[in-house]
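Quick notes on the structure that follows.
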Amino acid sequence: MRAHINPANGRATRSFAFGGDADVDAAIAAARAALPGFRAMGATQRRDLLLAIATAFATHAERLSRIAVIENGMPMAFAPFVASVTPVEWFRYYAGWVDK
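The sequence shown begins at -4 in this note's numbering and counts up one residue at a time.
Spelled out as structure tokens, the structure:
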């Protein structure tokens, strides 16, 4: 187990384990298993999925920003752009390209 150290105050906030080779293999297997279903989706479903992800980022923007600050010491004034605004824009942008 490793400790996550809050860069702002030097205190341990959580502990976590690094993934190993088996975890990487499991993630790859899960992605490969999901791909046929994603490929089979129609353009509308794919667009709606990407828009739902954008909505989730927007809905949880404040919390995601606070997490970004704690994780890597990012200034709170900058965190919303990295943790929510930019991802929301990306997912909405690519959702618009799904049926093009």
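Yeah, the Cβ is synthetic: ideal placement off N, Cα and C, and Gly gets one too.
Just so it is clear, the structure is predicted and the values come from calculations on it, not from any experiment.
Selected residue, minimal CA-CA separation from residue i, among the options
i, options, result
"Ala12", "Ala26, Pro70, Arg(-3)", "Arg(-3)"
"Asn4", "His55, Ala78, Gly68", "Gly68"
"Ala47", "Asp94, Val93, Phe86, His(-1)", "Phe86"
"Arg7", "Ile65, Leu59, Asp20", "Note that residue 7 is Ala in the sequence shown, not Arg. Per the Cα distances, Ile65."
Delimiting residues of the alpha helix (DSSP H) encompassing residue i
i, result
"Arg58", "56 to 67"
"Arg87", "81 to 92"
"Phe156", "Given a span of -4 to 95 for the chain in the structure shown, any question on residue 156 remains unanswerable."
"Gly32", "16 to 35"
Spatial distance of residue i from residue j (CA atoms)
i, j, result
"Glu57", "Gly91", "25 Å"
"Arg9", "His55", "21 Å"
"Pro31", "Ala72", "41 Å"
"Ala17", "Ala49", "31 Å"
"Ala38", "Ile0", "43 Å"
Range of the contiguous beta strand (DSSP E) that encloses residue i
i, result
"Phe11", "7 to 11"
"Ala(-2)", "-3 to 0"
Quiz prompt | Segment contact, 8 Å Cβ cut-off, at least three pairs: the segment 67 to 82 with the segment 25 to 45 | solution = Because the criterion of three Cβ pairs below 8 Å is not met, the segment 67 to 82 and the segment 25 to 45 do not touch.
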